[in-house]
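Residue numbers (the working numbering), protein chains in the order written: chain A, 300 to 951; chain B, 300 to 951.
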């Protein structure tokens, strides 16, 4: 039974599981737990005392591996929807004991083969026993090469030595281990970021720092196992979680991470209370024992249900989360009507433009001159007219007289533009020009040049080159809206996107920047400004090539991190204090025209605490195209990505 | 005029160049230096004062870049055979000064484009000015993407801070630079190990430690520029080099590295002496001035000529240097006659076998029993008979009676074997068995089992599996020759092999072990034992799978190093103290049957001084094949190479 309903949220995090002991009566085990309110069980598949090395000496006579139930006692669809296989937790592939190591390898392969046969969706792999996990990873990597689409969840305790105040839960803590993220990182590097290798986090009663925790949201975490002894007790004797744990749970829900409750009940509720709750939740069916972990489940449900509903914009963008899109080529290609329509809906953006035009008009034309002087405003890249409308509204609002030229290179959009002007009765004010702004021979010069040519990374849709071309017909004291824009960038962990890029198995995709709604991502350091362009720009040495070297400091308490690439944003000054942008710390609220840009790295770069991360980025241009090249030079040098724009470029 | 003749050595290191100043009369410059005894010049192509940014302001009116000569004053073949283009040394692509940076980029591209036009074989790129070289590398990397087959030699001073006692030569030393190898390493990583990017080392008067120097022999060093002020003065006033410099020069000669003499003469020889030398070397032609650097050249020639001639084995192996070969698959494939013939020539190997058999016979049969007892000796994998011969010689030498079974699975070799037995009159002693030893039903049991099934890495041609099969027909107290063998491995720098593997542009070649005569290689740490196999082996838990974790300590004074892969060897104990092997520190001299094995890494691993390097290696087996998997786990984890033997395996 799902934890609750949340409009628009169809993610797996609605389902809650429970970890169980081995039980050879799987149908009984399953019905108890499903009737108890859980959606799935995480259960051992094999009798825990089984050791292949003991078999020859007569331990068991049958020659059959001692599995719990078969595909006859439960149907494959029952297995698949309700059971996550828990691989024997005694296995230790990196033990010094060779017999244990060999037994472990045999059993691991047997169990996963059996789980595949049963069509399970996932198996839970036990936590590596020590800091060294290469043989374990080698064996799992071999399995992954030939696995059906089952996921393997590697169980990793959510701990870091500095917060190591846990002695009670030591069964999941490994000896001599510094930071469990490092164990995971080593393991998944050995397995080459295999897309079927993911994580089940063991949530313990103390939590590492926020920066340390943050790293996991760029990793493929599928489940979080919360232990009964990580719960506190509320005034009424019921289990509850600390504020930090609550926030973490909410973050899990928001990242499609399923909760699994584990352990034995440690909250002894008075019988009266129990009755009350049971009646209240309508789950006390005659003859069936109430599930001993029900109060924990109820608390998880409560946390799920008390989350704010997803805002409309988030719901709209759900389908785009972590989905790589190639950036538009608006100069080379003509946009489609659908694209115009989508972007025109972004009212927040046009309100900012209207405010900017208003301020510019007020600055340029005093109240006294308002009735005499007509301001020449040119919208360059008018599309289907939204900036024409915003400009006219600004004129009306400020009582200034306007003459508008709407310059648009896409002949299809020009048709719509003509219709709009006719429909709105703007014929006297608006002149439509069907021409590329870079070669238009303007009949007069403009006071104000209005454009929206910005890409996610500011200049990446060639606004600088277009406005350079348009600058010819701007008066010497004229105004460009936007007057400047700056790109921003920050390092991120995002194993999802890294894997999606890698899936193409070519260089081109690793040297392409993508537009993407970043969601399963860890932002590792504050973003920094990269390239700035200012308009108009009359300097004689003016040049749209750029080169920037950036150093990022990863916060010390993050621990080591893995950089899969860089997230890019922009912030534009439309006019004076009116700005527009998507840089996270200053982003214009409720604007949806731009998702961030993502620059991948061909090889993920590990950065140790306290070591700086140096990124170098170039904006290059040739006669027919503009492109970026990028590389990391610290902690060690990466290849230069996209040399000569061989993989990714924007056509002029 | 080459430095001298050395039998078998046809490498470029016979040719010596000279670095010159800019001269716009290139034919004159060239004839002076060629007549002066040098083979080529390293000369600037462009007037050093030229700056593109000054051109518009009327510095030069022609609009032509000021190049020294054209393809009309010297023919392309003259340019190509005698001139290395020296790129303007003022360029600084990582300057803080944007104008200098842009001028540098323009001039660099102009000069290299011009050099390509002239069909030069190489250009010398100036040393990066500072520790940061990313923009320089970015620009050169762009050039490399579209370059004809010209080489670019990056000029790198052979220094390291700890040896930084050089103030006189500071023009080639960069500010704040710690270790020039690190600059090179960063630069070539940014350029992705491009095969046309190589090194010209500036040899200064003081030298770094031997371990630090050693690193360069795994790098693509094409030239060494030796400065006149690095020379000492001998008793007679002539230039000479320190012992360490002499050894270094010899190492350069042995690695096909060309010497270039640079600088002004600093040894003022008395005129009398000069005459003497001039007459002696027959180089004082009427009217032509003796070359001012002639005494330096003569000294370089002297060093070249006093080298020991190449030993015969080295000459034989010259063609195999750094040439990747796939290991044999002797079990799956039948060897060809040519292969047998080559290996049979390795007399050293058979002498060792003969010694081993002799010792075993003496141990097994006392002098008293010698005339009564016949020892049953089986050669398993007899090929065309060399071990049969060695065994019979051992019997004769020791006066022991022998009965030999020669078991061979290759039916073609068996034909030759029959001929041999007939030819030698061995019919009474030798029984030929045409059968795979793993399934032969032997008529009696052997006292001694002799085999030579070893590969470069010991067990890699499946000696363990074959001898397991043959062990059935060895007496309980029988002897196997070899009685054991161990593989050894060490990390190496070898950019040549890395590039050759990379040139295949696929995963398979990066996950294959190669047999290769290692030459341009830096051995970074002593080799360590890996897997050992002992024969016979009667243990019940016996198993030919192996797993080993190795930690290498790179000597502190090496500085940082780059690991491109691992070189593998073996050492076999034939019998008691008679061994056979190729592990460098204990290798059997003058044996040529085995070159080392090379395990590449998909991504080279940088290791900082004092940081350990951890390698993990598995020998795995399935029903039809045996394979290795390997990975690096420290300083950071690599992918596991060759999972499930997907790329490389040896068929059973």
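Backbone N, C-alpha and C define an ideal beta-carbon position, used for all residues, glycine too.
Using a Cβ cut-off of 7 Å (strictly closer), state whether residue 485 (chain A) contacts chain B.
In the first chain, counting from the first residue as 1, residue 485 (chain A) sits at position 186. At least one chain B Cβ lies under 7 Å of residue 485 (chain A).
Against chain A, does residue 543 (chain B) count as a neighbour if the rule is that its beta carbon must be under 7 Å from one of theirs?
Along the second chain, one-based indexing puts residue 543 (chain B) at 244. Answer no: the Cβ-Cβ gap between residue 543 (chain B) and chain A never drops below 7 Å.
In whole angstroms, give me the CA-to-CA distance for residue 723 (chain A) and residue 698 (chain A).
If you number the first chain from 1, residue 723 (chain A) lands on position 424. If you number the first chain from 1, residue 698 (chain A) lands on position 399. Whole-angstrom Cα-Cα distance: 19 Å.
Report the neighbours of residue 905 (chain B) on chain A: residues whose CB is nearer than 8 Å to its CB, in chain order.
Position 606 of the second chain, counting from 1, holds the residue named residue 905 (chain B). Ordered by position in chain A, the residues that pass the 8 Å Cβ test against residue 905 (chain B) are 935.
Kindly list the residues whose CB is nearer than 7 Å to the CB of residue 351 (chain B), restricted to its own chain and excluding five residues on each side of it in sequence; keep chain order.
In the second chain, residue 351 (chain B) corresponds to position 52, counting from 1. So the list reads 402, 405, 406, once near-sequence residues are dropped.
Pull up the CB-CB distance for residue 857 (chain B) and residue 879 (chain B), whole angstroms please, since I reckon it's below 8 Å.
By one-based count along the second chain, residue 857 (chain B) stands at place 558. By one-based count along the second chain, residue 879 (chain B) stands at place 580. No, residue 857 (chain B) and residue 879 (chain B) are not in contact; Cβ-Cβ is about 31 Å, not under 8 Å.
Return the residue from the list A:645, A:675, A:671, A:667 that minimises the CA-CA distance to residue 656 (chain A).
For this step, residue 656 (chain A) is matched to residue 357 along the first chain. When each option's Cα is compared against that of residue 656 (chain A), the closest is A:675.
Which residue's Cα is closest to the Cα of residue 621 (chain B): B:447, B:727, B:800?
Counting from 1 along the second chain, the entry for residue 621 (chain B) is found at position 322. Nearest of B:447, B:727, B:800 to residue 621 (chain B), Cα basis: B:800.
Counting beta carbon pairs with one atom in the segment 765-776 of chain B and one in the segment 807-814 of chain B, are three or more of them shorter than 8 Å?
No, the segment 807-814 of chain B is not in contact with the segment 765-776 of chain B.
To which residues of the same chain is residue 476 (chain B) closer than 7 Å at the C-beta, ignoring the five residues directly before and after it?
Along the second chain, one-based indexing puts residue 476 (chain B) at 177. The predicted position of residue 476 (chain B) is uncertain, since its pLDDT is 47 and thus under 50; a value taken from the coordinates is nonetheless stated next. Once the five neighbours on either side are set aside, the close Cβ partners of residue 476 (chain B) are 430, 482.
Using the C-alpha atoms, what's the distance from residue 866 (chain B) back to residue 789 (chain B)?
For the purposes of this step, residue 789 (chain B) is taken as residue 490 along the second chain, with counting starting at 1. For the purposes of this step, residue 866 (chain B) is taken as residue 567 along the second chain, with counting starting at 1. Between residue 789 (chain B) and residue 866 (chain B), the C-alpha separation is close to 5 Å.
Residues in its own chain within less than 6 Å of residue 629 (chain B) by CB, not counting five upstream and five downstream?
Position 330 of the second chain, counted from the start, is the residue given in the question as residue 629 (chain B). Answer for residue 629 (chain B): 760, listed in chain order.
Quick one: complete beta strand (DSSP E) runs, 3+ long, within the segment 781-860 of chain A?
Here the runs fully enclosed are 783-792, 827-833, 845-851.
In chain order, which alpha helix (DSSP H) runs of at least 4 residues are fully inside the segment 345-411 of chain A?
Whole alpha helix (DSSP H) segments, 4+ residues: 351-354, 375-381.
Under a Cβ-count criterion, where at least 16 other Cβ atoms within 10 Å of its own Cβ denotes burial, should residue 363 (chain B) be classed as buried or exposed?
Taking the first residue of the second chain as position 1, residue 363 (chain B) is located at position 64. Per the 10 Å Cβ criterion, exposed.
Buried or exposed for residue 738 (chain A), please, with buried defined as at least 16 other CB atoms from any protein chain shown within 10 angstroms of its CB.
Here the question's residue 738 (chain A) lines up with position 439 in the first chain. Answer is exposed; the Cβ neighbour count stays below 16.
Within 10 angstroms of its Cβ, does residue 641 (chain A) collect 16 or more other Cβ (buried), or is it exposed?
Numbered from its first residue, the first chain carries residue 641 (chain A) at position 342. Classification of residue 641 (chain A): exposed, given that the 10 Å Cβ count is below 16.
Going by DSSP in three states, residue 728 (chain B) sits in which element: helix, strand or coil?
Counting from one through the second chain, the residue named residue 728 (chain B) turns up at place 429. Residue state, collapsed to three classes: coil.
In angstroms, rounded to a whole number, what distance separates the CA positions of residue 702 (chain A) and residue 643 (chain A)?
As a working mapping, residue 702 (chain A) is identified with position 403 in the first chain. As a working mapping, residue 643 (chain A) is identified with position 344 in the first chain. Distance between the alpha carbons of residue 702 (chain A) and residue 643 (chain A) is about 22 Å.
Does chain A have any CB closer than 7 Å to the CB of residue 942 (chain B)?
Indexing the second chain from 1 puts residue 942 (chain B) at position 643. It does: the Cβ of residue 942 (chain B) has a partner Cβ on chain A nearer than 7 Å.
Between residue 389 (chain A) and residue 422 (chain A), what straight-line distance do the alpha-carbon atoms span, to the nearest angstrom?
For this step, residue 389 (chain A) is matched to residue 90 along the first chain. For this step, residue 422 (chain A) is matched to residue 123 along the first chain. So the two alpha carbons sit approximately 15 Å from each other.
Out of B:588, B:592, B:543, point me to the one whose CA is closest to residue 567 (chain B)'s CA.
Locating residue 567 (chain B) in the second chain gives position 268, counting from the first residue. If we check each option's Cα against that of residue 567 (chain B), B:592 comes out closest.
Which chain B residues are close to residue 434 (chain A), counting only those with a beta carbon under 9 Å from its beta carbon?
The count along the first chain starts at 1 and reaches residue 434 (chain A) at position 135. Per Cβ cutoff of 9 Å: 846, 848, 915, 917.
Nearest chain A C-beta to residue 437 (chain B) closer than 7 Å, yes or no?
By one-based count along the second chain, residue 437 (chain B) stands at place 138. Yes, residue 437 (chain B) lies at the interface with chain A (some Cβ there is under 7 Å from its Cβ).
How long is the line joining the alpha carbons of residue 766 (chain B) and residue 441 (chain A), rounded to whole angstroms?
Start at 1 with the first residue of the second chain, and residue 766 (chain B) comes out as number 467. Start at 1 with the first residue of the first chain, and residue 441 (chain A) comes out as number 142. Their backbone Cα atoms lie some 28 Å apart in a straight line.
Buried or exposed, going by whether 16 or more other CB atoms sit within 10 Å of the CB of residue 636 (chain B)?
Counted from its first residue, the second chain places residue 636 (chain B) at position 337. Exposed.
Would you please verify whether the beta carbon of residue 932 (chain B) is less than 7 Å from any beta carbon of chain A?
Taking the second chain and counting its residues from 1, the one referred to as residue 932 (chain B) is at position 633. It does: the Cβ of residue 932 (chain B) has a partner Cβ on chain A nearer than 7 Å.
Give me, in chain order, the residues of the same chain whose beta-carbon lies closer than 7 Å to that of residue 312 (chain B); leave out the 5 immediate sequence neighbours on both sides.
Taking the second chain and counting its residues from 1, the one referred to as residue 312 (chain B) is at position 13. Once the five neighbours on either side are set aside, the close Cβ partners of residue 312 (chain B) are 551, 552, 555, 556, 557.
Hey, how far is the Cα of residue 415 (chain A) from the Cα of residue 318 (chain A)?
Against the first chain, residue 415 (chain A) aligns to sequence position 116. Against the first chain, residue 318 (chain A) aligns to sequence position 19. Each residue's alpha carbon lies about 20 Å from the other.
Enumerate in chain order the residues of its own chain whose CB-to-CB distance from residue 942 (chain A) is below 7 Å, with the five nearest sequence positions on each side excluded.
Along the first chain, one-based indexing puts residue 942 (chain A) at 643. Hits under 7 Å: 928.
If we cut at 7 Å on Cβ distances, does residue 825 (chain B) have a partner in chain E?
This model lacks chain E altogether, as its protein chains are A and B.
Confirm, please, whether the CB-CB distance from residue 887 (chain B) to residue 831 (chain B) is below 7 Å.
Along the second chain, read from residue 1 onward, the residue named residue 831 (chain B) stands at position 532. Along the second chain, read from residue 1 onward, the residue named residue 887 (chain B) stands at position 588. Not in contact: residue 831 (chain B) and residue 887 (chain B) (Cβ atoms no closer than 7 Å).
For residue 444 (chain B) and chain A, any beta-carbon pair shorter than 7 Å?
Position 145 of the second chain holds residue 444 (chain B). So, interface residue.
Going along the chain, which residues of its own chain have a beta-carbon closer than 7 Å to the beta-carbon of residue 541 (chain A), five neighbours each way excluded?
Taking the first residue of the first chain as 1, we reach residue 541 (chain A) at position 242. Cβ within range, chain order: 531.
Whose Cβ in chain A lies nearer than 9 Å to the Cβ of residue 902 (chain B)?
By one-based count along the second chain, residue 902 (chain B) stands at place 603. Neighbours of residue 902 (chain B) on chain A, chain order: 902.
When we look at the beta-carbon of residue 601 (chain A) and count the other beta-carbons within 10 Å, is it buried (16 or more) or exposed?
Taking the first residue of the first chain as 1, we reach residue 601 (chain A) at position 302. So residue 601 (chain A) counts as exposed.
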